[in-house]
Amino acid sequence: MGMTNSASEPTALIRAQGLTKVFGARSAVDGIDFEVRDGEFFGFLGPNGAGKTTTMRMIAGVSPRSAGTLEIFDMDPDLHGSEIRGQIGVVHQQETLDMELTVLENLLVFGRFFGMDRASIATRAAELLELFQLSDRAKDQVEPLSGGMKRRLSIARSLIASPRILMLDEPTTGLDPQARHLLWDALQRLKRGGTTIVLTTHYMDEAEQLCDRLVVMDQAKIVAEGSPRQLIVEHASREVLELRFPNGTESIDTKVLEGIGDRYERLAERVIVGCENGEAAHARALEHGLDPESWLVRRSSLEDVFLRLTGRTLDE
Amino acid sequence: MTAASSVAPNRTRSRLAAIREAAPHPTRWRHVVGYMVTVYRREWQGSVFSGFIEPLVVLAGLGIGLGVLVGDKAAEITGGVSYVAYIAPALMVSSAMNLATSEAAWPILARVAWVRIYHAMVATPLNAADVMVGAITFIVGKVAFAAAFFAGVLLVTGIATSPTGALGMIAVSVLTAFAFGAPMAAFSVTQKSDQGFAFLFRLIITPLGFFSGTYFPIENLPFAAQVLSWFTPLAHGVALSRSMALGTPVTYVWFHVGALLLWGIVGTVVAIYLFRKRMLK
Ligand SMILES: Nc1ncnc2c1ncn2[C@@H]1O[C@H](COP(=O)(O)OP(=O)(O)O)[C@@H](O)[C@H]1O
Ligand SMILES: [Mg+2]
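Heads up: the protein sequence lines correspond to chains A and B, in order.
Numbers given in this note's numbering equal positions in the first sequence, counted from 1, plus 30.
Numbers given in this note's numbering equal positions in the second sequence, counted from 1, plus 205.
What follows is the structure, encoded as structure tokens:
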């Protein structure tokens, strides 16, 4: 709003600097900086407790920040929360639908909260039910729907007022793979339609598939930022060799591990080796006398980025 | 506007904006009422008995049954009218209390803690205050309907004779619903489970129904209990409602009305405060 930018820099819809949230003596979010640009698919990737939900709540204007600056559409959510919320669609981590109402009623009622008139709500609701493949369930009660359908309805509901930003907090947690892929498709269609999307996830494949840009969060801080490709190039080697030792990895000599590839991480029952060529690294491991029960070579992923930056895995 | 506002320091202006953010909006709350009406249209059968039929059953049972027991003594207690006519206006407000408190209990707790739709609502242009104001308004409106139905039955059966009196009783029921619904909402938004409700209903709401002048004049209670009664909303509602119905003058009308309004307004402010605290962490 009112902001002009040079043609090369797309408008930032969300800008945070030193954003902090303290609960009691603990920081849930500790001085993070980020920017979400118009039209992009932006992700917060991090394990449970990293501070993703807290960050989303601050952006959505339902959690006053403890310190730092935060601007959404160039407005401060503490002062213009209602106006900001009118242009943001929020999908919570836990379901917040009215289970007693029908699918359609959930949408109709919600449109009114945004001050829309009944005619435009009805038109928009029909579009959204179509887009999320819920048209044939419009008159059914929500309660008995499957988890995937409920989640699609939650997203449809959040889009009723055609928000500029859609915010999704762990949208696929608890869904089966098929429901997950259906949802990914719908989100990609939305993005192509011009909606800016902010998503949190602790699934690295989700972040890798969907996000144009993401920040990796751990223990209330941002530890890395970039496109999935950039992050992998910057923080991981080309390939990864995984060696499995069901009897534990403590007894393995550090010197040996250092000699196999560019870097390594020692987990409880696995050693993860970052290297240019996985096959060659495996050969070196055998030469050094290692005897893994099994092994595999794969391309580096965001999981390896996270491991490299924090020494832990995402689902730990 | 003019020079005055541009001179106003930035801090004052942002403080005003922050207050406007937290305060109820003049009209947004009606969408919350609209939502509750949608819910109610779907499940009205469930609350028709407790809200509309049960009070009549109680009136019939107690009015006729107790009326026979009380017999000729009735006139001493009631100042001349039949026992049914004596307790009917009081039962009307005590059922307003029952309906308002139960509507402000489970339905609100469920939306905070179980189905959690309030979490979705405060993420729209509505704020926490709008949600509470709308929720309380819906409860008061629902009680108004139930009271109108009850008053209609009283008129048709001849238990009440004055239509103006009936309108007055409905107004008192609405005030009573406000006086109970708002503080109950304030309690509900702090709860994690419904165990607190059992305690509250058994220890406070149900006993109030007996000791607030509903079935016998409050003056028959020990002095301490009388004083205690006036600190609760129901006694005020009963006193007003009965005088409306029987056309007897009531002393201190504004004391009673004021007490009910005070309970409702303070309850609403506290409910908004506690709800914000719960939702906006
Ligand atoms: N309302 C709250 N009160 C106290 N601590 C909280 C509250 N909400 C979150 N936290 C804490 O803040 C940290 C970050 O939580 P959260 O933002 O939910 O992480 P994530 O969504 O990444 O799993 C956690 O340690 C959590 O326990
Ligand atoms: Mg979370």
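Ideal Cβ placement from N, Cα and C applies to all residues, glycine included.
When the cut-off is 7 Å and only beta carbons count, does residue i lie next to chain A?
| i | result |
| --- | --- |
| P330/B | yes |
| G339/B | no |
| I322/B | yes |
| S367/B | no |
| S219/B | yes |
| S210/B | In this prediction, S210/B has a pLDDT of 47, which is less than 50 and means its spatial position is unreliable; nothing more can be read from the coordinates. |
| L479/B | no |
| M206/B | Unreliable positioning characterises M206/B in this predicted model, as indicated by a pLDDT of 42, which lies under 50. The coordinate reading is nonetheless provided below. Output row for M206/B: interface = no. |
Kindly list, in the order they appear in chain B, the residues whose Cβ is closer than 9 Å to that of residue i.
| i | result |
| --- | --- |
| L158/A | The contacting residues do not exist; L158/A stays about 15 Å from chain B at best. |
| A238/A | In the sequence under discussion, the amino acid at residue 238/A is Glu, which differs from the Ala named in the question. Ordered by position in chain B, no residue passes the 9 Å Cβ test against E238/A, which lies about 28 Å from the chain. |
Does chain B have any CB closer than 7 Å to the CB of residue i?
| i | result |
| --- | --- |
| T340/A | no |
| G116/A | yes |
| L173/A | Reading the sequence as shown, one finds Glu at residue 173/A and not Leu. False, the Cβ-Cβ gap to chain B never drops below 7 Å. |
| T126/A | yes |
| E135/A | yes |
| M179/A | no |
| S57/A | no |
| S267/A | no |
| M86/A | no |
| E130/A | yes |
| V139/A | yes |
| V120/A | yes |
| M31/A | Only weak support is given to the placement of M31/A: the predicted model assigns it a pLDDT of 44, under 50, and the question is left unresolved by the model. |
What do you reckon, is the C-beta of residue i under 6 Å from a heavy atom of ligand 3?
| i | result |
| --- | --- |
| A58/A | With respect to ligand 3, the structure offers nothing, as its ligand set consists of ligand 1 and ligand 2. |
Mind pulling the chain A residues with CB within less than 7 Å of residue i?
| i | result |
| --- | --- |
| K486/B | S93 |
Along chain B, in chain order, which residues have C-beta atoms closer than 7 Å to that of residue i?
| i | result |
| --- | --- |
| F143/A | H236, M326, T329, P330, L331 |
| S112/A | E226, P330, N332 |
Going along chain B, which residues have a C-beta under 8 Å from residue i?
| i | result |
| --- | --- |
| A90/A | A328 |
Classify residue i: buried if its beta carbon has 16 or more other beta carbons within 10 angstroms, exposed otherwise.
| i | result |
| --- | --- |
| M206/B | Legend: pLDDT at M206/B = 42, less than 50; position of this residue unreliable, no value from coordinates given. |
| H232/A | buried |
| R142/A | buried |
| Y420/B | buried |
| T232/B | exposed |
| I302/A | buried |
| Y294/A | buried |
| H211/A | exposed |
| F275/A | buried |
| P258/A | buried |
| D147/A | exposed |
| F64/A | buried |
| L198/A | buried |
| V139/A | buried |
| P174/A | exposed |
| R316/B | buried |
| T230/A | buried |
| W311/B | exposed |
| R447/B | buried |
| Y323/B | buried |
Counting only Cβ pairs nearer than 9 Å, list the residues of chain A close to residue i.
| i | result |
| --- | --- |
| A334/B | Per Cβ cutoff of 9 Å: no residues; A334/B is ~11 Å from chain A at best. |
Anything in chain A within Cβ reach of residue i, meaning under 8 Å, just list it in chain order.
| i | result |
| --- | --- |
| A223/B | D108, L109 |
Would you grab the beta carbon distance between residue i and residue j for me? Rounded to a whole angstrom, and I think it's under 8 Å.
| i | j | result |
| --- | --- | --- |
| L132/A | A168/A | Sequence check: residue 132/A is Thr here, not Leu. 7 Å between Cβ atoms; contact. |
| R182/A | T226/A | Actually they do not touch by this definition, with Cβ atoms about 20 Å apart. |
| V443/B | V298/B | 6 Å |
| L137/A | R187/A | 6 Å |
| G81/A | A250/A | 5 Å |
| A349/B | G472/B | The Cβ separation is near 17 Å, so there is no contact. |
| L49/A | V59/A | 6 Å |
Original post:
Of the residues that make up the region 378-396 of chain B, which ones have a beta carbon closer than 8 Å to any beta carbon in chain A?
Top reply: none
**OP:** Scan the region 225-241 of chain B for residues whose Cβ lies nearer than 7 Å to a Cβ of chain A and list them as they occur along the chain.
**Re:** E226, H236, G239, Y240
Original post:
If you measure beta-carbon to beta-carbon, which residues of the region 242-262 of chain B are closer than 7 Å to chain A?
Top reply: T243, V244, R247, E248
**OP:** Mind checking the region 447-467 of chain B against chain A and listing, in chain order, the residues whose C-beta falls within less than 8 Å of any C-beta there?
**Re:** none
Original post:
Mind listing which residues of the region 181-212 of chain A have their C-beta closer than 7 Å to chain B's C-betas, in chain order?
Top reply: none
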